[in-house]
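For the sequence shown, the numbering used here puts the final residue at 486, and the numbers step up evenly by one.
Glycine residues also receive a C-beta, built at the ideal position from the N, C-alpha and C atoms.
Step one of this worksheet: look at the structure below.
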Amino acid sequence: MLVVSLLTFGLLSLAAGDAATAIVFARDGVVTAEAVARVRAELGLDLPAPVRYLHGLGGLVTGELGASARTGQDVAGEVAARLGPTVTLATAGAVVAVLLGLTAGGAAALTRRRVVRLPIRLGSLALLSVPAFALAQLGVLLFALQWRLLPTQGIAGWPSLVLPAAVIGLPLAAVLAQVTEARLRSTLREPFVTTARARGLSPARVLLATALPNAAAPLLVVVGDVVGTALAATLVAETAFGWPGLGDYLVRALQFRDWYPLQAAVLLIAVGAVSARGLAGSLAALVDARAGVRT
192 MLVVSLLTFG LLSLAAGDAA TAIVFARDGV VTAEAVARVR AELGLDLPAP VRYLHGLGGL
252 VTGELGASAR TGQDVAGEVA ARLGPTVTLA TAGAVVAVLL GLTAGGAAAL TRRRVVRLPI
312 RLGSLALLSV PAFALAQLGV LLFALQWRLL PTQGIAGWPS LVLPAAVIGL PLAAVLAQVT
372 EARLRSTLRE PFVTTARARG LSPARVLLAT ALPNAAAPLL VVVGDVVGTA LAATLVAETA
432 FGWPGLGDYL VRALQFRDWY PLQAAVLLIA VGAVSARGLA GSLAALVDAR AGVRT
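This is how it looks when you write it as structure tokens:
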């Protein structure tokens with residue numbers, strides 16, 4: 192997390208402009224050197240970069256996240272208000288990814304019919320080829336503007352969740368489908384599966400009692416990666432659909448070069464992603480000791 196914090200601060204320091212310039216422009220509509228210098232002094236932006244970074248890092252250690260230069264509000268309160276919507280959206284996106292990915296991958300692995308396998312593979316490739324923001328714009332164009340089925344901005348009940356969750360979940364489902372198909376196909380060729388078939392077990396029993404338990408551990412690791420990536424993917428979805436979560440908060444902080452909110456949002460998303468992957472790895476190790484080595 193220290194590395195993430197340091198990289199974030201370094202990239203923000205290298206970016207053109209700073210919070211003072213953005214604040215003066217938003218407030219006055221015109222930027223003057225005197226106004227910028229005054230705001231920089233008020234915010235402590237005239238201090239050397241290492242001093243500013245250590246000050247922010249010290250606040251993290253003590254639980255003081257600082258105040259937003261843009262709003263003047265306490266960052267901890269702003270982050271707390273936006274954490275719930277982000278968790279909701281990331282969870283919905285992960286559910287879409289896991290349900291569709293495991294189902295599609297399992298179907299492609301268990302059938303030899305091209306009429307089933309080909310659409311799944313082509314669909315996966317298409318979803319992986321389209322940038323997330325383009326997928327969001329396509330969803331808005333079709334489901335909101337053309338067919339008027341779903342809202343496009345803010346939170347207005349569960350319909351507002353459909354498009355952003357799909358934008359997060361569909362590309363991840365494509366990845367999971369490919370991994371699931373490959374893993375199940377590999378497992379179904381193992382000698383113990385052949386032995387189970389020779390014993391006269393039904394195809395369903397071979398799958399549920401023999402193949403799936405042996406494929407479960409690596410798939411759990413991939414599912415953990417999917418959940419972690421879903422948290423990071425909220426950045427695009429929240430920006431595109433005006434979802435008031437941490438991703439939207441991060442983008443606004445970045446636009447204003449607002450260090451304290453940016454640091455808090457980046458670290459929270461990073462902690463969530465790493466925790467999801469770590470938990471999945473631990474569960475996989477419980478299912479199969481061999482899952483300690485990731486595939």
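Alpha helix (DSSP H) runs contained entirely in the stretch 352-418, provided each spans 4 or more residues:
As far as the stretch 352-418 is concerned, its whole alpha helix (DSSP H) runs of at least 4 residues are 382-389.
Mind checking whether F334 and V427 have CB atoms under 8 Å apart?
Taking the sequence shown and counting its residues from 1, the one referred to as residue 334 is at position 143. Taking the sequence shown and counting its residues from 1, the one referred to as residue 427 is at position 236. In this structure, F334 sits away from V427, with a CB-CB distance that is not shorter than 8 Å.
If you follow the alpha helix (DSSP H) that Q454 is in, where does it begin and where does it stop?
Start at 1 with the first residue of the sequence shown, and residue 454 comes out as number 263. Start and end: W450 to V478.
If you drop the 5 nearest sequence neighbours on each side, which residues of the same chain put their C-beta closer than 6 Å to that of G463?
For the purposes of this step, residue 463 is taken as residue 272 along the sequence shown, with counting starting at 1. By the criterion of a C-beta distance shorter than 6 Å, G463 is surrounded in its chain by L422, once the five residues flanking it on both sides are discounted.
Measure the CB-CB distance between L280 and E429 and report whether it falls below 8 Å.
Position 89 of the sequence shown, counted from the first residue, corresponds to residue 280. Position 238 of the sequence shown, counted from the first residue, corresponds to residue 429. Yes, the Cβ-Cβ distance between L280 and E429 is below 8 Å.
Under a three-way DSSP split, which group does A258 fall into?
As a working mapping, residue 258 is identified with position 67 in the sequence shown. In this structure, A258 counts as strand in the three-state DSSP scheme.
For D265, name the three-state secondary structure that DSSP assigns.
As a first step, residue 265 must be located in the sequence shown, where it is residue number 74. For D265, the three-state secondary structure derived from DSSP is strand.
Can you check whether the CB of V230 is closer than 8 Å to the CB of A211?
Residue mapping note: residue 211 aligns to position 20 of the sequence shown, counting from 1. Residue mapping note: residue 230 aligns to position 39 of the sequence shown, counting from 1. Yes; because the gap between Cβ atoms is below 8 Å, this pair is in contact.
If I follow the unbroken alpha helix (DSSP H) through T343, where does it start and stop?
Numbered from 1 along the sequence shown, position 152 holds the residue referred to as residue 343. Premise fails: T343 is in no alpha helix (DSSP H) and is neither H nor E.
Would a check of beta-carbon distances place A300 closer than 8 Å to chain C?
Of the chains in the structure shown, none is chain C; there is only one protein chain.
Below 8 Å CB to CB, which residues in the same chain sit around G201 once its five sequence neighbours on both sides are set aside?
As a first step, residue 201 must be located in the sequence shown, where it is residue number 10. Exclusion of the five residues before and after G201 leaves no residue of its chain whose Cβ lies closer than 8 Å to its Cβ.
So, helix, strand or coil for F447, using DSSP?
Translated into positions along the sequence shown, residue 447 becomes position 256. F447 falls in the coil class under three-state DSSP.
Cutoff 7 Å; reference A288; Cβ partners in own chain excluding five residues on either side:
On the sequence shown, position 97 is the one that residue 288 refers to. Closer than 7 Å at Cβ, skipping near neighbours: G360, L363, A364, L367, V417 and A421.
Here's a check: name, in chain order, each residue in its chain whose Cβ is nearer than 8 Å to the Cβ of A258, leaving out the five neighbours to either side.
Looking up residue 258 in the sequence shown gives position 67. Shown here for A258: same chain residues with a beta carbon closer than 8 Å to its own, the five before and five after excluded, namely Q264, D265, V266 and Y451 in chain order.
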